[in-house]
Every structure is written in structure tokens, then in C-alpha cells.
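Visitor:
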Amino acid sequence: MHVVVNAAQSVDGKLATRRREQLRISGTEDFDRVDRVRAAADAVLVGVGTVIADDPHLTLDEEDRRVERLRNGRPGNPARVVVDSTGRTPTDARILDDAAATYLLVAASTPAARREALEAAGAEVVTVEGDGEHVDLGAGIGALAERGVDRLMVEGGGEIIYSCFDAGVVDELHVYVGSMVIGGRDAPTLADGEGFTESFPRLDLTGTERLDDGIVLSYEVGSD
35 MHVVVNAAQS VDGKLATRRR EQLRISGTED FDRVDRVRAA ADAVLVGVGT
85 VIADDPHLTL DEEDRRVERL RNGRPGNPAR VVVDSTGRTP TDARILDDAA
135 ATYLLVAAST PAARREALEA AGAEVVTVEG DGEHVDLGAG IGALAERGVD
185 RLMVEGGGEI IYSCFDAGVV DELHVYVGSM VIGGRDAPTL ADGEGFTESF
235 PRLDLTGTER LDDGIVLSYE VGSD
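The opening residue of the sequence shown carries number 35 in our numbering; numbering runs sequentially from there.
1. Please classify Leu130: does DSSP put it in a helix, a strand, or coil?
2. Between Val78 and Arg114, which are expected to be in contact by the criterion C-beta below 8 angstroms, what is the C-beta distance as a whole number of angstroms?
3. Please return the same chain residues whose Cβ sits closer than 8 angstroms to the Cβ of Thr51, not counting the five positions on each side in sequence.
4. Classify Pro145 as buried or exposed, calling it buried when 16 or more other Cβ atoms lie within 10 Å of its own Cβ.
5. Output needed for Thr136: all residues of its chain with C-beta closer than 8 angstroms, excluding positions within five of it in sequence on either side, in chain order.
6. Could you tell me the distance, in whole angstroms, from the CA atom of Leu289 to the CA atom of Phe230?
7. Kindly provide the ranges of any alpha helix (DSSP H) runs that are 4 or more residues long and lie completely inside the stretch 170 to 242, ordered along the chain.
8. Determine, using beta carbons only, whether Leu207 and Val255 come nearer to each other than 8 angstroms.
9. Kindly indicate the opening and closing residues of the alpha helix (DSSP H) around Arg149.
10. Alpha carbon to alpha carbon, how far is Ala179 from Val203?
11. Keeping to the same chain, check which residues put their C-beta closer than 8 angstroms to that of Asp76; ignore five residues upstream and five downstream.
12. Measuring CB to CB, does Asp89 end up less than 8 angstroms from Ala127?
13. Determine the closest residue to Ser44 out of Ser213, Asp118, Ala147, with distance taken between C-alpha atoms.
14. Could you pull the DSSP bridge partners for Asp161 from this structure?
15. Under three-state DSSP, which class holds Gly256?
16. Just verifying my parser: in three-state terms, what is the DSSP assignment at Arg114?
17. Determine, using beta carbons only, whether Gly121 and Leu92 come nearer to each other than 8 angstroms.
18. Which of the three DSSP states, helix, strand or coil, is assigned to Ala135?
19. To the nearest angstrom, how far is it from the Cα of Glu163 to the Cα of Ala142?
20. Would you report the Cα separation of Val250 and Val71, rounded to the nearest angstrom?
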């Protein structure tokens, strides 16, 4: 599987404020770029924290005539994936509507009643191996591949992006850097989590593009 991480951050590396409030960091030109990346994917992945904070839909504009071309003739929207170890996704979340298939990756410890409620709300709940309480991202990627996902777009947040790098599954990284400073030691960053101390992901810069009032940095991700 080919995994592409896409994110927008401030010049000081923040994805949102310390209150985790959603911000408009980029503009219409970058939104068009993100649509192209999303349309090329078989599925789009976020963490449950993003679902709870932002209630995203993660779909393409069906009235946009570019969608069919961007999807190379494939019908509908890419599938939606939520990494949700404990089954916290609200049953009324927009991501559970019928606009696209939605996979929830949960740990084995998620109660059966909760899994049943999420399935009744429209999700396909996928129990993933791990430590019993947390989803193993590598195993989760494998489960998605078994379901026909060949190209996966990861949209965050910071904990999930870090976990993907930690699992060694990222192939590409695209970061829009907007012309703003957010600050705050508790504000989420591009890669939260425990952090790397000895072995770091290797990034090879492959391109830069000026969009709106910022810049997109594109990288290929190599082995350590």
C-alpha cells in the first residue's frame, strides 16, 4: 500500500490552537490541491480526536465537475477510515453517513455493545491487533489492504501522523506551511506522540510550491 500524509501547519509547526480549535491555515488554492490528493486515494484516514473535535465529512464536492476526472472514472468518494482504539466515534458523526464507506479501526478491548452501536450507525468496525487497548497501525494498514485499499491518504491529527511514522508506513509527506504563528506549548503539532530520540524518519525533499500565502513542501519518506 502507498501511504500519503497531508497536513497544514503554521510556520511554528502547529496544526491548531492550544484549545484544539480548527483554523483556516491555507486557502482555496491549497484546498484544490488537497482535493486532488484526496481524489487520488482509495481511502482517507484520520484519528478519532479529529472526528470528535471537527466532525469532518471527508468527501469530495459531488457538484464539482473535476471529481470524476480526478477519480479516474471511479465512482463515488474515497472510503473514510477512523483510528478509534476505544470506539469513541459519536454515532451521529457526519463520517458515518452513506456518502462513502467508513471503516473504524478499533482495539480488541472495545465492548461488543459499542461495536454493534457503531455498525448500526453505518460503520464497518474492524478489530485490529495491538496491545489489547490500542490499535497497531501496521496491522490496521494491512486490514485496509485486505479490503482493497491500495492508496491511503492520512489527514491527521498529530498523534495519528506520528503513529504512522513510528510504524514505518509513510511513503509521501505533503505539508502546507501557512503564514501565521499560533504558539502554545500545548498546541498540537504535525507529529505529536512520544517523539523520536535516536532513529528518525528520513525525508527527501522532492518539491516546493507557492500557494495562497504559503508554501507546500513535498517529501518522499525513506527508511531510517
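For glycine and all other residues, C-beta sits at the position ideal for the given N, C-alpha and C.
Guide: In short:
1. Helix at Leu130.
2. The pair is a contact, with the Cβ atoms about 6 angstroms apart (cut-off 8 angstroms).
3. Taken in chain order, the residues that qualify are Leu57, Ile216, Gly218, Ala221.
4. It is exposed - the Cβ of Pro145 has fewer than 16 other Cβ atoms within 10 Å.
5. Ala113, Arg114, Val115, Val116, Ile129, Leu130, Gly156, Ala157, Glu158
6. It is not possible to answer for residue 289, since the shown part of the chain is limited to 35 through 258.
7. 171 to 180, 192 to 201
8. yes
9. 146 to 154
10. 12 angstroms
11. Pro112, Ala113, Gly182, Val183, Asp184, Arg185, Leu186
12. Yes, the pair counts as a contact, with Cβ atoms nearer than the cut-off.
13. Ser213
14. First, the amino acid is wrong: residue 161 is Thr here, not Asp. Thr161 pairs with Val140.
15. strand
16. strand
17. In this structure, Leu92 does not lie closer than 8 angstroms to Gly121 by Cβ.
18. coil
19. 7 angstroms
20. 13 angstroms
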